[in-house]
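Here the structure comes first, spelled out in structure tokens, and everything after it is commentary.
Number of protein chains: 2
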Amino acid sequence: MKENQLTAVQKALEIILNSTEDFGIEEVSFEESLGRVLKENIRADRDMPPFDRVSMDGVAIKSQAFAQGRREFPIEAMQAAGSPKLSLKSDESCVEAMTGAVLPGNTDAVIPYEQVEMKDGIARILSEEIGVMQNVHRKGLDRKKNDLLISVGRIISPAEIGIMATVGAHRIKVGGLPKTAVISTGDELVPVEGTPLPHQIRMSNVHSLKALLKPYGICPDLFHLTDDPADLKSKISNLLNEYEVLMFSGAVSKGKFDFLPQILDELKVKKVFHRVQQRPGKPFWFGKRDRVTVFAFPGNPVSTSVSCVKFFFPWLRKGLGITPVEEKYAVLDQDFEFKPKLTYFLQVKLLNKKGTLYAIPEEGNGSGDLANLTLSDAFLELPAERNHFSKGEIFPYLQFRN
Amino acid sequence: MKENQLTAVQKALEIILNSTEDFGIEEVSFEESLGRVLKENIRADRDMPPFDRVSMDGVAIKSQAFAQGRREFPIEAMQAAGSPKLSLKSDESCVEAMTGAVLPGNTDAVIPYEQVEMKDGIARILSEEIGVMQNVHRKGLDRKKNDLLISVGRIISPAEIGIMATVGAHRIKVGGLPKTAVISTGDELVPVEGTPLPHQIRMSNVHSLKALLKPYGICPDLFHLTDDPADLKSKISNLLNEYEVLMFSGAVSKGKFDFLPQILDELKVKKVFHRVQQRPGKPFWFGKRDRVTVFAFPGNPVSTSVSCVKFFFPWLRKGLGITPVEEKYAVLDQDFEFKPKLTYFLQVKLLNKKGTLYAIPEEGNGSGDLANLTLSDAFLELPAERNHFSKGEIFPYLQFRN
């Protein structure tokens, strides 16, 4: 590949997805598993519901007695939720039964209080007809013992946490996470607490990246390296030994002080590609050394966000074994022109109008306009081969804000 | 209001939104603010960019010299990113300038290396024409000093974190969060680590609720109370003194052992409504005592999730001053029948087909079927007044999984 040749976005993504790593398995408390990836199948430990469960407060009777014309049923007992199962002694009486309770033995229908007159210890049923097993949620109706409830590869949400609690899966296997270093470079950067001189700016990308990784449970260590080649080399050498992912921001364009590609080469990190046919984010550099993966993103803030969402997330998700999600699409809401032969990631605001998602361009003044990101929710991916994109056309989008 | 009368869903929501509380303001590090609600306006501390910024690596010249026919420019110096501003001494020379650097004084155009031949300390420009200020991102082009960058009421995402870093807002004001207790009730419940007897089940709702609250930064304390009225009363009395939100799961239907409404009444918690015209979640009870707000959700897991998403989240968001979001809609993907005169929250899987969101019903076996929630992403809200819902119709949805 020639030095100046750009890798197409789709090709770059394919290459990255063929370079994933297995981060292993970790056991955690189910309570701390939100956002993690399940690495074991969760099965029903018993039938769901585990017993014939009363689903309305009322009285439980034997329906045959009702069918034979009986309407008044002396109350024998009270079946509360959480109490051991009682049993109706006489076919001609009833047991009061509460929602969530076990259906009492020798009964097969629950008449809700609304259809019952209670007086002097006798329940008089007002309904004209009743059904066998009415208001009873049958044992095993939802799921049978050993049924698969949640499969490997599922991202754990509050619903999965509830299910794991129900079946007693209090320690669960989840995907391990790569030990990650996020590294800014460039002498122009000062810390957030600092006051930059006129030619300086504060470092922001490492903080955005850290926040982007948080929903996956990755808590990266942050580093800043100055533009001194010897120092860069020795520090990066250490990081390569200590981390599984190095994510750089800056120092990969072709400026005299963008030493990174050369230093990585000297440190035996194999360059897989450098420069992608996209805007923003063209100078993106990707490489590997054994099991260490290096994502070197360009230094401007929007490039960094685009590249993380478009390339790092799919790489991470595949490595974690997350069940793939379908691509999402939105309708471009106005005509848009983009001349260079580059895939363009257009900043858009998504609007749900009657069930259709519209992408409203929120164009700033180029790839460096970070402030503009607060106006948008997603990047609409416009193909490189075209210049004109018409209102009403449908394109995939990458969401970076819910 | 009669004892048995149901409050319409829309009415219940209005009442709840008229009962919000102000949780105050808290100052946190910007790094820990993800998901919190901004309570101060973030403004540009200086122009963005703060200087005329070089946007391509190349050579900076005075365009007038080029216009006058000059093509060869001796290199005077190197302007690196992060270095103080240099100034071109001779109008007929150039300064090498790197992406992110200050545009050198006395220059007004950057010619990228691709259009330059460098030899023996002289840059020979190959381009046929150049523009004044080409490849320069002008000072203040994106935003002027003091421009509003992020407004009060914004939920903080990675983009906002990047901007706060850029302008040095390292300590920021965010909305305080209500001190919240999540309480399960019912003798039928055993801890997740326990082995339930045949008539018992494990407690799951409190764990789902805790997970649902996490994205907002609320970390509730969890409690379990047994079905003993005296004990319930004394413990709830303490909780009312210590917390700003009490969220119950269970004990609000009309069973003999569902003491909660009565106990809350005795503890001077004013019932605002009890029972909502919806399925699941009909027995939902809502009340206030001074500044303490009590959400008592029915005990079945799906009811709890629906009620939290439909009622608690909007209450919380309004109290936090979150900029309201538009309702979201999806297209029902198949005919559906629901006879009772109740708003029905249909479990659906959302599918994005060419920019339109389709809601595929994932019906389980009734409101208690927790396992079914793993198949769905959202509840489609079907109005109470109708029985038949046709494929192709559009309804609002509440998402509970991304």
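Residue numbers (our numbering), protein chains in the order written: chain A, 13 to 414; chain B, 13 to 414. Backbone N, C-alpha and C fix where the C-beta goes; we use that ideal spot for every residue, glycine too.
8 angstroms Cβ cutoff met for residue 343(A) and residue 367(B): Numbered from its first residue, the first sequence carries residue 343(A) at position 331. Numbered from its first residue, the second sequence carries residue 367(B) at position 355. Residue 367(B) sits close to residue 343(A), with the two beta carbons spaced by under 8 angstroms.
Within 8 angstroms, strictly: CB atoms of residue 155(B) and residue 335(B): By one-based count along the second sequence, residue 155(B) stands at place 143. By one-based count along the second sequence, residue 335(B) stands at place 323. Between residue 155(B) and residue 335(B), the C-beta spacing is not below 8 angstroms.
CA-to-CA distance, residue 198(B) to residue 297(B), given in whole angstroms: As a working mapping, residue 297(B) is identified with position 285 in the second sequence. As a working mapping, residue 198(B) is identified with position 186 in the second sequence. The C-alpha of residue 297(B) lies about 16 angstroms from the C-alpha of residue 198(B).
6 angstroms Cβ shell around residue 280(A) - same chain, five flanking residues per side excluded: By one-based count along the first sequence, residue 280(A) stands at place 268. Counting only Cβ-Cβ distances below 6 angstroms, and skipping sequence neighbours, we find 301.
Under 8 angstroms between C-beta atoms of residue 409(A) and residue 340(A): On the first sequence, position 397 is the one that residue 409(A) refers to. On the first sequence, position 328 is the one that residue 340(A) refers to. Cβ distance < 8 angstroms, so residue 409(A) and residue 340(A) count as in contact.
Residues near residue 222(A) by beta carbon distance below 7 angstroms, same chain, minus five either side: Counting from 1 along the first sequence, the entry for residue 222(A) is found at position 210. Excluding positions up to five away in sequence, the list reads 194, 232 and 234.
Amino acids of chain A, ordered along the chain, whose beta-carbon sits closer than 7 angstroms to that of residue 173(B): What you label residue 173(B) is simply residue 161 of the second sequence in a count that begins at 1. Result: 219, 220 and 223.
Cross-strand partners of residue 297(A) (DSSP beta bridge): On the first sequence, position 285 is the one that residue 297(A) refers to. In the DSSP output, where bridge partners are listed per residue, residue 297(A) has 286(A) and 308(A).
Beta bridge counterpart(s) of residue 393(B) as assigned by DSSP: Looking up residue 393(B) in the second sequence gives position 381. Paired residues: 357(B).
Per-residue contacts from residue 60(B) into chain A (C-beta, under 7 angstroms): Numbered from 1 along the second sequence, position 48 holds the residue referred to as residue 60(B). Close to residue 60(B), with beta-carbon spacing below 7 angstroms, are these residues of chain A in chain order: 383.
Partner residues on chain B for residue 212(A), Cβ-Cβ distance less than 7 angstroms: Indexing the first sequence from 1 puts residue 212(A) at position 200. The contacting residues are 94.
Closest by C-alpha distance to residue 146(A), when choosing among 163(A), 110(A), 327(A) and 120(A): Your numbering for residue 146(A) matches position 134 in the first sequence. Among 163(A), 110(A), 327(A) and 120(A), the Cα nearest to that of residue 146(A) is on 120(A).
Selection of the segment 396-409 of chain A by Cβ proximity to chain B, strictly under 7 angstroms: So the close ones are 406.
8 angstroms contact criterion, which residue 101(A) and residue 88(A) should meet: CB distance rounded: Numbered from 1 along the first sequence, position 89 holds the residue referred to as residue 101(A). Numbered from 1 along the first sequence, position 76 holds the residue referred to as residue 88(A). Sure, about 6 angstroms apart at Cβ, within 8 angstroms.
Closest Cα partner of residue 162(A) within the set 50(A), 139(A), 202(A) and 60(A): As a position in the first sequence, residue 162(A) is number 150, starting the count at 1. Considering only alpha carbons, the answer is 50(A).
Under 8 angstroms by beta carbon: chain B residues contacting residue 182(A): The residue labelled residue 182(A) in the question sits at position 170 within the first sequence. Scanning chain B for C-beta atoms nearer than 8 angstroms to the C-beta of residue 182(A) yields 204 and 205, reported in chain order.
Nearest residue (CA-CA) to residue 90(B), options 122(B), 83(B) and 63(B): Taking the first residue of the second sequence as position 1, residue 90(B) is located at position 78. Of 122(B), 83(B) and 63(B), the residue nearest in Cα terms is 122(B).
Reduced DSSP secondary structure (H/G/I, E/B, other) of residue 457(B): This structure does not reach residue 457(B), given that chain B is present from 13 up to 414, and the question cannot be answered.
Distance, residue 129(A) Cα to residue 48(B) Cα: As a working note, residue 48(B) is residue 36 in the second sequence. As a working note, residue 129(A) is residue 117 in the first sequence. Cα to Cα, residue 48(B) sits roughly 52 angstroms from residue 129(A).
Residue 139(B), enclosing beta strand (DSSP E) - first and last residue: To locate residue 139(B), count along the second sequence from 1; it is residue 127. Counting along the chain, residue 139(B) falls outside any beta strand (DSSP E), and DSSP gives it neither H nor E.
Three-state secondary structure (DSSP) of residue 331(A): For this step, residue 331(A) is matched to residue 319 along the first sequence. Correct three-state label for residue 331(A): helix.
Coil, strand or helix - residue 24(B) by DSSP: Along the second sequence, one-based indexing puts residue 24(B) at 12. Helix.
Other residues of its chain near residue 319(A): CB distance less than 6 angstroms, five sequence neighbours each side excluded: As a first step, residue 319(A) is located in the first sequence; it is residue number 307 there, counting from the start. So the qualifying residues of the chain are 293, 296 and 309.
Runs of alpha helix (DSSP H) wholly within the segment 118-182 of chain A (minimum 4 residues, chain order): Runs of the alpha helix (DSSP H) inside the segment 118-182 of chain A: 170-178.
Beta-carbon gap between residue 357(B) and residue 290(B) smaller than 8 angstroms: Working through the second sequence from its first residue, we reach residue 357(B) at position 345. Working through the second sequence from its first residue, we reach residue 290(B) at position 278. Yes, the Cβ-Cβ distance between residue 357(B) and residue 290(B) is below 8 angstroms.
Residue from 277(B), 394(B), 412(B) and 384(B) with nearest C-alpha to residue 60(A): Within the first sequence, numbered from 1, the residue matching residue 60(A) stands at position 48. If we check each option's Cα against that of residue 60(A), 384(B) comes out closest.
Three-state secondary structure (DSSP) of residue 320(B): Indexing the second sequence from 1 puts residue 320(B) at position 308. Residue 320(B) falls in the helix class under three-state DSSP.
Segment limits, beta strand (DSSP E) that includes residue 234(B): Sequence index remark: in the second sequence, residue 234(B) carries index 222 (1-based). Per DSSP, the continuous beta strand (DSSP E) segment holding residue 234(B) begins and ends at 233-237.
Counted within 10 angstroms of its Cβ, other Cβ atoms place residue 250(A) as buried (16 or more) or exposed: In the first sequence, counting from the first residue as 1, residue 250(A) sits at position 238. In summary, residue 250(A) is exposed, with fewer than 16 beta-carbon neighbours lying within 10 Å of its beta-carbon over all protein chains present.
Distance, residue 412(B) Cα to residue 314(B) Cα: Position 302 of the second sequence holds residue 314(B). Position 400 of the second sequence holds residue 412(B). Straight-line Cα distance between these residues: approximately 11 angstroms.
Interface residues of chain A facing residue 199(B) [CB-CB closer than 8 angstroms]: As a first step, residue 199(B) is located in the second sequence; it is residue number 187 there, counting from the start. Chain A residues near residue 199(B): 92, 93, 94 and 95.
Residue 342(B): contacting residues in chain A (beta-carbon distance under 8 angstroms): Walking along the second sequence from the start, residue 342(B) turns up at place 330. Proximity of chain A to residue 342(B) at the Cβ level (cut-off 8 angstroms) is accounted for by 367, in chain order.
8 angstroms Cβ cutoff met for residue 236(B) and residue 63(A): Taking the first residue of the second sequence as position 1, residue 236(B) is located at position 224. Taking the first residue of the first sequence as position 1, residue 63(A) is located at position 51. For residue 236(B) and residue 63(A), no; Cβs fall outside 8 angstroms.
Min CB distance residue 63(B) to chain A below 8 angstroms: Here the question's residue 63(B) lines up with position 51 in the second sequence. Chain A contact via Cβ: present.
Limits of the unbroken alpha helix (DSSP H) element including residue 73(B): Locating residue 73(B) in the second sequence gives position 61, where the first residue counts as 1. From DSSP, residue 73(B) is part of no alpha helix (DSSP H) but of the beta strand (DSSP E) over 70-73.
Environment of residue 402(B) [buried if 16+ CB atoms lie within 10 Å]: Here the question's residue 402(B) lines up with position 390 in the second sequence. Per the 10 Å Cβ criterion, exposed.
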